[in-house]
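Numbering (my numbering), first residue to last: 56 to 207.
What follows is a set of notes on a single structure, which appears directly below.
Take a look at the structure:
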């Protein structure tokens, strides 16, 4: 994944620049743009994020806890963090994961540190634009291999 060892503590000391949030994590990028720091949202923040999209977690049929939006948000947050932990154990390189755990600053904040990656579709479009069909084919093969690993 990386050519030389990196100092996670040093990386986490830099001032990450907030970029926004998904429905489960807050995302920040390092000043150099090479690293992404993700911090989990609280159950309340997850529930509010889904509401912004017009989704009531207590009312949708796929809700982990039908009738209780906050419990559903909490369950979704836990599942999301569990998926990062599974990726750390099984797909660390493929997911460009550098660190998962409590921030070494003693704050008690759980963090996920990843290398910043290029979106798959952008990578393939760039290869197509260059007329580089081999790279595009390689990327698709790698995506299928990665998907197979995820199914296991």
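Here a beta-carbon is modelled for each residue, glycine too, at the ideal position from N, C-alpha and C.
Query                                                                                          : Result
For residue 203 and residue 197, the rounded distance between their alpha carbons              : 10 Å
Coil, strand or helix - residue 61 by DSSP                                                     : coil
Residue 102 vs residue 128 beta-carbon contact at 9 Å                                          : yes
Run of the beta strand (DSSP E) containing residue 90, from where it starts to where it stops  : 90-95
From 118, 83, 178, residue whose alpha carbon lies closest to that of residue 72               : 83
Short Cβ contact (9 Å threshold) for residue 170 with residue 94                               : no
Contact belief for residue 86 with residue 69 at Cβ below 8 Å, rounded distance in angstroms   : 6 Å
Segment limits, beta strand (DSSP E) that includes residue 184                                 : Where residue 184 is concerned, there is no enclosing beta strand (DSSP E), although the alpha helix (DSSP H) it sits in stretches over 175-185.
Short Cβ contact (9 Å threshold) for residue 123 with residue 113                              : yes
Whole beta strand (DSSP E) elements within the segment 89-142, 3-residue minimum               : 90-95
Alpha-carbon spacing of residue 90 relative to residue 168, whole angstroms                    : 7 Å
Pair within 9 Å by beta-carbon distance, residue 140 and residue 201                           : no
Residues near residue 99 by beta carbon distance below 8 Å, same chain, minus five either side : 125, 128
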